[in-house]
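*Asks:* Protein chains in written order, with the numbering used here: chain F, 1 to 97; chain H, 1 to 762.
Even glycine gets a Cβ: it sits at the ideal position worked out from N, Cα and C.
For reference, the structure I am asking about is given below.
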Amino acid sequence: MATVSIPSLLRKYTGGRERAEVRGRNVGELVAELDRQFPGFAAHLIEAGELKPSIAVSVDGEIGTAGLLEPVGETSEVHFLPAIGGGANPDRNSSRF
Amino acid sequence: MAESTGNGFKVIGTRPIRPDGLDKVTGRAKFGADYAFPGMLHGKLLRSPHAHAKIKSINYQKALKLPGVKAIVTAKDLPETANREEAAGELAVNPHYLSRNILAREKVLYDGHAIAAVAATSPHIAEEAVRLIEVEYEVLPPAMTVEDAMKPGAPILLPELRNADEGDKQTNIARHIQFKLGDLEAGFKAADFIVEHEYKTAMVHQGYIEPHNAVGIWNPDGQATIYCSTQGPFEVRQFSSQVLGVPVGKIKVVPAEIGGGFGGKTVIYLEPLSVLLSQKTGHPVKLVMNRAEVLRASGPTSGSTIRVKMGATRDGKITAAQIWMAYEAGAFPGSPVGAGAMTIIAPYNVENRMIDAYDVVVNRPKIASYRAPGSSNAAFASESVIDELAEKCGMDPLEFRIKNGSREGTPQPVGPPFRRIGFIETCEAIKNSDHYKSKLVGPNRGRGVASGFWFNAGMSSSAMVNIHADGTASVVTGSVDIGGSRASMAMIAAEVLGMPMTDVRAIIADTDSIGHTNLSAGSRTTFATGTAVYDAAHDAIRQLKERAAKVWEKKPEEVDFRDGKLVAKGNGVAPMSIKELAPRFARTGGPISGRAAVTPRGVGPAFATTCVDVEVDPETGKVQILRCTVAQDAGRAIHPSYVEGQMQGGTAQGVGWALNEEYFYDANGILRNTGLLDYRMPTCLDLPMIETIIVEVPNPGHPLGIRGVGEVSIVPGPAVVANAIYRAIGVRMRETPMSPPRLLKAILNKRAAEEARPAAAH
Chain F
1 MATVSIPSLL
11 RKYTGGRERA
21 EVRGRNVGEL
31 VAELDRQFPG
41 FAAHLIEAGE
51 LKPSIAVSVD
61 GEIGTAGLLE
71 PVGETSEVHF
81 LPAIGGGANP
91 DRNSSRF
Chain H
1 MAESTGNGFK
11 VIGTRPIRPD
21 GLDKVTGRAK
31 FGADYAFPGM
41 LHGKLLRSPH
51 AHAKIKSINY
61 QKALKLPGVK
71 AIVTAKDLPE
81 TANREEAAGE
91 LAVNPHYLSR
101 NILAREKVLY
111 DGHAIAAVAA
121 TSPHIAEEAV
131 RLIEVEYEVL
141 PPAMTVEDAM
151 KPGAPILLPE
161 LRNADEGDKQ
171 TNIARHIQFK
181 LGDLEAGFKA
191 ADFIVEHEYK
201 TAMVHQGYIE
211 PHNAVGIWNP
221 DGQATIYCST
231 QGPFEVRQFS
241 SQVLGVPVGK
251 IKVVPAEIGG
261 GFGGKTVIYL
271 EPLSVLLSQK
281 TGHPVKLVMN
291 RAEVLRASGP
301 TSGSTIRVKM
311 GATRDGKITA
321 AQIWMAYEAG
331 AFPGSPVGAG
341 AMTIIAPYNV
351 ENRMIDAYDV
361 VVNRPKIASY
371 RAPGSSNAAF
381 ASESVIDELA
391 EKCGMDPLEF
401 RIKNGSREGT
411 PQPVGPPFRR
421 IGFIETCEAI
431 KNSDHYKSKL
441 VGPNRGRGVA
451 SGFWFNAGMS
461 SSAMVNIHAD
471 GTASVVTGSV
481 DIGGSRASMA
491 MIAAEVLGMP
501 MTDVRAIIAD
511 TDSIGHTNLS
521 AGSRTTFATG
531 TAVYDAAHDA
541 IRQLKERAAK
551 VWEKKPEEVD
561 FRDGKLVAKG
571 NGVAPMSIKE
581 LAPRFARTGG
591 PISGRAAVTP
601 RGVGPAFATT
611 CVDVEVDPET
621 GKVQILRCTV
631 AQDAGRAIHP
641 SYVEGQMQGG
651 TAQGVGWALN
661 EEYFYDANGI
671 LRNTGLLDYR
681 MPTCLDLPMI
691 ETIIVEVPNP
701 GHPLGIRGVG
711 EVSIVPGPAV
721 VANAIYRAIG
731 VRMRETPMSP
741 PRLLKAILNK
751 RAAEEARPAA
761 AH
């Protein structure tokens, strides 16, 4: 299973867990599984069916280029990070990462 | 054909003359403001005289009646745009705010915010018309700093920004980011020394020589063409499409030569307005900013407030770091505070850390990228604290950095571990330099060191490599040449094709003539467009092998390509050069055109370490830079002279941040230094020759080892000067710029404190 590092400010939605072991073939499946375990979690990362433009994903130390379709291996380490440029959405939930 | 340069390459690592040099020194090169078309009109903008005000009404009837005025547009002429972030290369952009920055809608949010645009038969008539436009304002109090904007009861800039954690209250905080790792409390408990201070950096501008410009031509068939100075023609096309509500495929952007950008020409201001005015008038329309407009209303970089608390053991091991940072976004969300948070302690292995970062809107122009955006602010704070900790531990500041330095496998602040990086090598390079080994003597003189980190970027690039009938080649890319990329692209193609660089011509295409290519920024061009060129050259070689196979009546796999020649495997056929094969292209299948479109992985981060000697005049507070050496990991230097130029340019800008540059606003939020006499950038008289040491730790993620070299050298700038000032006169400066008045005040305060001490003892 892939290991997902939960962003600090989203840990309140995962009961304080810093990491989660999740099964999935790509980032989208990992997020969907996390959302099943922690309802509402996906809304902080996904907008209109895509990874939010303000968020980047790193799989095994490499910044992904395929968003939710970024492939994930059996033992991958996955981190969500702010995209370099940043910018914000007035959406009320996006004031935290 | 050149002999090997000693690095296994024949072209890469050499220093050929730049292909665009002659055009630029003779004035033949065409910059954006040089474009002129029959019937062209000239545009000017009305800008806000207030930092914060509601727009109650705009009346331009009087202006419209002025002879020669052809059209006036306001925000009402632009469509309402989607209020959501969209990916846009290096940046995430919200078209809702992008449109409101180009022309204010409900409110003006900074001094200089554009309100209306006029097109007239001459620039002077357009200026006169601007003066005749009547705007009724309801003036509001401004929030000019992050402290002002974050305090309870602060004037709210954008009513839609809400803080979900505080009962859905209105806020100027657009975003909060946090990174947490390890056990902070245990880390500080293990420390023998703890240093904690607050640092401030001033808002500063990139200071590119060429102001923003655009010529827009709207055709009655619904197609638009924009000629402009930009680092990202494809981004100009995308952003203009969003702001105008015109499909991307209907807009062509032709990038002109660029007179500097440093990140500031990655966004749009005039481009959609030139098209809109052209659409209204049926004429081409040119808009060019003056220097005051550039400073007031283009995108400088964030001023910031950063608090760093860091602990270390007596033997010099950093045990914990806690950081709070708030960056000015300007009038709309989107400061580089995320990048600041991810870079601030990236050079070091700090197991216990917590970083809180805030993106804060203030009544200043919306910031744009500026060379390693966010990282120089951050390093001013962290590298100053590192210097203090090294002193407390009694260690050489470079040894302290090497002891704690990030290496392959060290977790980055955001978690994922670094791959092969060259930070330690940059420290070692400075440690072993003639400069660092030399003695610095004389009163009020001091030597400082500081380091910096930048991610570098990848994104997408396209390239074509065409082989001509005489066996020479052209390389076509969509990357604007802002730092010598024509030369480096030609050199990469020449290396792969086994040609001399002079046989390869590099061309920059418009957005209709080459595949999508992201902006020339993020130190990505040599890495990513270089990858596209490398792949396209190999695609051309594949085709060349097929042609040679036809000539020799062999299978393509029976042909090799070695040292610029096609070689048949296994028998006595003489090798054939590309020049010999080229005349036979037409009868063996037609033109040879190699192509590639890539979104490469394997971006290699960059580190730099700088050493500076200063002399401080204790009577005036003026700082003279006596000597400066910068070491930077380039991965692989394609054209070492251009790498050195980037290192020197970044360092010079860092010195500008350190010593002089700042946006100076009055109490009403009006910018008071709107020219380059008052906005004081360093000149050649302020700087010695900046010595450079190129470190090459090849990036394993690139076939040629390229990392990207355009940005990281600026990062140590403010901190290295602060550290040198301390060594010179014992004063720790914690606010930029460390200008004569500010430094003199600090010197006098120190003197007063020293004089008060013996008196108190009595």
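Glu-127(H) and Lys-44(H): beta carbons closer than 8 Å?
*Replies:* Closer than 8 Å, so yes.
*Asks:* DSSP on Ser-95(F), reduced to helix/strand/coil?
*Replies:* Here Ser-95(F) scores only 35 on pLDDT, less than 50, and its place in the model is too uncertain to base an answer on.
*Asks:* By how many angstroms is the C-alpha of Thr-26(H) removed from the C-alpha of Ser-4(H)?
*Replies:* Per-residue confidence for Ser-4(H) stands at a pLDDT of 48, beneath the threshold of 50, marking its modelled position as unreliable; no derived number is given.
*Asks:* Could one say the Cβ of Glu-86(H) lies closer than 8 Å to chain F's Cβ atoms, at least one of them?
*Replies:* Judged by the 8 Å Cβ criterion, Glu-86(H) is in contact with chain F.
*Asks:* From the DSSP output, which residues share a beta bridge with Cys-228(H)?
*Replies:* Cys-228(H) pairs with Ala-214(H) and Pro-255(H).
*Asks:* Report the rounded CA-to-CA distance for Gly-458(H) versus Gly-522(H), giving the unit in angstroms.
*Replies:* So the two alpha carbons sit approximately 8 Å from each other.
*Asks:* List the residues of chain H that Ile-74(F) touches, going by C-beta distances under 9 Å, in chain order.
*Replies:* The displayed chain sequence assigns Glu, not Ile, to residue 74(F). Those within 9 Å of Glu-74(F) in chain H number zero; the least Cβ separation is about 17 Å.
*Asks:* Within 10 angstroms of its Cβ, does Phe-234(H) collect 16 or more other Cβ (buried), or is it exposed?
*Replies:* The residue in question, Phe-234(H), is buried, as its Cβ has 16 or more Cβ neighbours within 10 Å.
*Asks:* If you draw a straight line from the C-alpha of Ala-746(H) to the C-alpha of Arg-734(H), how long is it?
*Replies:* C-alpha separation (whole angstroms): 10 Å.
*Asks:* Identify the contact partners of Thr-65(F) in chain H, using a Cβ-Cβ distance below 9 Å as the criterion.
*Replies:* Per Cβ cutoff of 9 Å: Gly-458, Met-459, Ser-460, Thr-599, Pro-600 and Arg-601.
*Asks:* Is Phe-262(H) close to chain F? Criterion is C-beta to C-beta, closer than 8 Å.
*Replies:* Not one chain F Cβ lies under 8 Å of Phe-262(H).
*Asks:* Report the neighbours of His-44(F) on chain H: residues whose CB is nearer than 7 Å to its CB, in chain order.
*Replies:* Chain H residues near His-44(F): none, gap ~11 Å exceeds 7 Å.
*Asks:* By Cβ distance, which residues of its chain are closer than 7 Å to Leu-66(H), with the 5 residues on each side in sequence left out?
*Replies:* Correct list, in chain order: Ile-125, Glu-128, Ala-129 and Leu-132.
*Asks:* With DSSP run on the structure shown, which of helix, strand or coil describes Pro-123(H)?
*Replies:* Three-state DSSP puts Pro-123(H) in a helix.
*Asks:* Take Cys-684(H) as the anchor and find which of Gly-708(H), Lys-280(H) and Gln-624(H) has the nearest alpha-carbon.
*Replies:* Comparing Cα positions, the closest option is Gln-624(H).
*Asks:* Can you tell me whether DSSP reads Arg-562(H) as helix, strand or coil?
*Replies:* Three-state result, Arg-562(H): strand.
*Asks:* Around the Cβ of Val-731(H), are there at least 16 other Cβ atoms within 10 angstroms (buried) or fewer (exposed)?
*Replies:* Buried, by the Cβ-count rule.
*Asks:* Can you name the start and end residues of the alpha helix (DSSP H) that Ile-492(H) belongs to?
*Replies:* Residues 485-497.
*Asks:* Can you tell me whether Glu-196(H) is buried or exposed, with buried defined as 16 or more other CB within 10 angstroms of its CB?
*Replies:* Looking at its Cβ environment, which holds fewer than 16 other Cβ atoms inside 10 Å, Glu-196(H) is exposed.
*Asks:* I need the DSSP call for Gln-238(H), collapsed to helix, strand or coil.
*Replies:* If DSSP states are grouped into helix, strand and coil, Gln-238(H) belongs with the helices.
*Asks:* Excluding sequence positions up to five away, which residues of its chain have a Cβ less than 6 Å from the Cβ of Asp-387(H)?
*Replies:* The residues are Pro-397 and Asn-723.
*Asks:* Once the 5 residues before and after Asp-599(H) are set aside, which same chain residues still bring their CB inside 6 Å of it?
*Replies:* The sequence shown places Thr at residue 599(H), rather than the Asp named in the question. Within the same chain, Thr-599(H) has close Cβ partners Ser-460.
*Asks:* With a 10 Å radius around its C-beta and 16 neighbouring C-beta atoms as the bar for buried, classify Lys-10(H) as buried or exposed.
*Replies:* Per the 10 Å Cβ criterion, buried.
*Asks:* Between Glu-33(F) and chain H, is any beta-carbon pair separated by less than 8 Å?
*Replies:* With 8 Å as the cut-off, Glu-33(F) does not count as an interface residue toward chain H.
*Asks:* With distances taken between CB atoms, is the gap from Ile-768(H) to Gly-405(H) smaller than 8 Å?
*Replies:* For residue 768(H) there is no data in the structure shown, the boundaries of chain H being 1 and 762.
*Asks:* Only counting the same chain, and skipping five residues up and downstream in sequence, which positions put a Cβ closer than 7 Å to that of Gly-85(F)?
*Replies:* In this predicted model, Gly-85(F) has a pLDDT of only 47, less than 50, meaning its place in the structure is not dependable; the value taken from the coordinates is given anyway. Excluding positions up to five away in sequence, the list is empty.
*Asks:* I'd like to know if Ala-83(F) contacts chain H, where contact means its C-beta is closer than 8 Å to some C-beta of that chain.
*Replies:* Closer than 8 Å to some Cβ of chain H, the Cβ of Ala-83(F) qualifies, so yes.
*Asks:* Kindly indicate if chain F contains any beta-carbon less than 8 Å away from that of Met-289(H).
*Replies:* Chain F contact via Cβ: absent.
*Asks:* Assign Ala-540(H) to buried or exposed, taking buried as 16 or more other Cβ atoms, counted over all protein chains shown, within 10 Å of its Cβ.
*Replies:* Answer is buried; the Cβ neighbour count reaches 16.
*Asks:* Give me, in chain order, the residues of the same chain whose beta-carbon lies closer than 7 Å to that of Asp-666(H); leave out the 5 immediate sequence neighbours on both sides.
*Replies:* Contacts found: Arg-672.
*Asks:* For His-197(H), which beta-bridge partners are listed by DSSP?
*Replies:* Note: His-197(H) sits in a beta bridge opposite Val-308(H).
*Asks:* Phe-239(H) CB to nearest chain F CB: under 8 Å?
*Replies:* No, its Cβ sits nowhere closer than 8 Å to a Cβ of chain F.
*Asks:* Which word fits Leu-581(H), buried or exposed, when buried means at least 16 other C-beta atoms lie within 10 angstroms of its C-beta?
*Replies:* Buried: at least 16 other Cβ atoms inside 10 Å.
*Asks:* Assign Asp-503(H) to one of three DSSP states: helix, strand, or coil.
*Replies:* Helix, per DSSP.
*Asks:* For the beta strand (DSSP E) that contains Cys-628(H), what are its first and last residues?
*Replies:* Run containing Cys-628(H): 623-633, per the beta strand (DSSP E) assignment.
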